[in-house]
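**Q** In terms of the UniProt record's numbering, the sequence shown has 282 at position 282, counting the first letter as 1, and numbering is strictly consecutive.
From the three backbone atoms N, C-alpha and C, an ideal C-beta is built for every residue, glycine too.
All values reported here derive from a predicted model rather than from experimental measurement.
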Amino acid sequence: MIPFFDGHNDLLLKMTLGRMTAEEVRDGHGNGHIDLPRAKAGGLGGGFFALFVPTPGGPGINMAAMREERYDLPLPEPLDHDIALDQVREGIGHFNRLAELGVITPCTTATEVEAALHGPTLAAVLHMEGAEAIGPDLAELDELYDAGLRSIGPVWSRETIFGHGVPFRLPATADIGPGLTEAGKDLVRACNDRGIMVDLSHLNMAGLHDVAELSTRPLVATHSNAHAVTPSARNLTDDELRIIAGTNGLVGINYGTCFLRPDGRFIPDCPVEFILRHLDHLLGILGEDGVAFGSDFDGAILPDWMADVAGLAPLREALVQHGLGEALMEKLLFRNWLRVQRATWGA
1 MIPFFDGHND LLLKMTLGRM TAEEVRDGHG NGHIDLPRAK AGGLGGGFFA
51 LFVPTPGGPG INMAAMREER YDLPLPEPLD HDIALDQVRE GIGHFNRLAE
101 LGVITPCTTA TEVEAALHGP TLAAVLHMEG AEAIGPDLAE LDELYDAGLR
151 SIGPVWSRET IFGHGVPFRL PATADIGPGL TEAGKDLVRA CNDRGIMVDL
201 SHLNMAGLHD VAELSTRPLV ATHSNAHAVT PSARNLTDDE LRIIAGTNGL
251 VGINYGTCFL RPDGRFIPDC PVEFILRHLD HLLGILGEDG VAFGSDFDGA
301 ILPDWMADVA GLAPLREALV QHGLGEALME KLLFRNWLRV QRATWGA
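1. Can you find at least 3 beta carbon pairs, one from the region 110 to 124 and one from the region 137 to 147, that sit closer than 8 Å?
2. DSSP three-state label for residue 384, please.
3. Quick check on the DSSP output: the beta strand (DSSP E) that includes residue 166 runs from which residue to which?
4. If contacts are defined as beta-carbon pairs under 8 Å, then residue 167 and residue 72 qualify, I think. What distance do you get, rounded to the angstrom?
5. Whose CA, out of 12, 211, 96, 283, lies closest to the CA of residue 238?
6. How many Å lie between residue 251 and residue 221 at the Cα?
7. Taking C-alpha atoms, which residue in 344, 117, 23 lies nearest to residue 247?
8. Does DSSP put residue 53 in a helix, in a strand, or in coil?
9. Whose CA, out of 44, 114, 261, 133, lies closest to the CA of residue 4?
10. I'd like to check one pair, residue 186 with residue 151: are the Cβ atoms closer than 7 Å?
11. How big is the Cα-Cα spacing for residue 232 and residue 307?
12. CB residue 75 to CB residue 157, shorter than 7 Å?
13. Can you tell me which of the three DSSP states residue 348 falls into?
14. Indicate the three-state DSSP secondary structure (helix, strand or coil) for residue 129 in the structure shown.
15. Looking only at its chain, what residues have a beta carbon closer than 8 Å to the beta carbon of residue 298, apart from the 5 residues adjacent to it on each side?
16. Please list, in chain order, all residues of the same chain as residue 228 whose beta carbon is under 7 Å from its beta carbon, the five residues on each side excluded.
17. Unbroken beta strand (DSSP E) runs of length 3 or more, entirely within the region 229 to 258: which are they?
18. Classify residue 266 as helix, strand or coil using the three-state DSSP reduction.
19. Which residue marks the beginning of the beta strand (DSSP E) containing residue 353, and which one marks its end?
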């Protein structure tokens, strides 16, 4: 069975919030989208495990409002650096505990990812969604790199010292607000120097243009879809997709229903056809080497037929029925991720 490598999950957040233990992830008694038995049943071989810090005491994002046909939600306030760093370190502790229990194999190279994909554990790469744990002097970057971090999204929608994200607004585009700050440009350069992937998901259009101008690596959006299909600010316009394609970059298709449904509503009624529409549109611009999958497991409302990671099995069948041959399936499910990992990390 061809394994999926997944561009984004929020399992570590679920654990940090006390909603799942490492033992539950190992044994399959958890209440989230991912645990090891269900992952293996669905054919998940590995993925990026996100370190994300919600605003403490804040209202969060009102997902009930996102069920409507139009919405414009306020973003949480900027996050305190010390709080972010403490929780990121806690998330790394959960990541390491999963490794101790044989749930994941931590990977920092594409060679390690490829070796672990078919094994009994999940090939796991640390990603940070929103760089609030890093100060303007970037002093924490090397600590995080040494802990295994190989991918960073400078923002998660809310403003950071590095740049500006997109709102939770429908309809809208990402053409909102200024680009990267000087600290944000320094962060991109520092990531290039260290071989850390810079994730464009949640970043606004001006910020994407700045990353494109500065980056020496393929541009990657780990969990984003096509704005032409679903007019969410979180999705990428055709112009943005062409910029990514020009760098031999990659976009991972997000399973969150508000990024898949043509009307953008965050409800579970979301036929697999909607994933296929985004897939076809992305393939038309990025080509067969530039598309993969980035689920947003444990961070989004999934289609009702998918429900959790075990639902990768019917997705796989739908891709086959859509006419994808084995070579293209391998590219979409994991080889395209390996390609950009090698181009970014150097191994």
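**A** In short, the structure shows the following:
1. no
2. There is no way to answer for residue 384, as the model of the chain reaches only from 1 to 347.
3. No beta strand (DSSP E) holds residue 166; DSSP gives it neither H nor E.
4. 7 Å
5. 283
6. Near 5 Å, if we compare the C-alpha coordinates of residue 221 and residue 251.
7. Comparing Cα positions, the closest option is 344.
8. Of the three classes helix, strand and coil, the one that applies to residue 53 here is coil, per DSSP.
9. Nearest option by C-alpha distance: 44.
10. No. Outside cutoff.
11. Taking the straight line joining both Cα atoms gives about 22 Å.
12. A contact, by the Cβ cut-off of 7 Å.
13. A query on residue 348 cannot be resolved here, the shown segment of the chain reaching from 1 to 347 and no further.
14. Residue state, collapsed to three classes: strand.
15. If you ignore the 5 residues before and after residue 298, its C-beta comes within less than 8 Å of the C-beta of 9, 10, 11, 13, 14, 32, 33, 34, all in its own chain and listed in chain order.
16. 238, 281
17. Runs of the beta strand (DSSP E) inside the region 229 to 258: 250 to 253.
18. coil
19. This structure leaves residue 353 out entirely; the chain is present only between 1 and 347.
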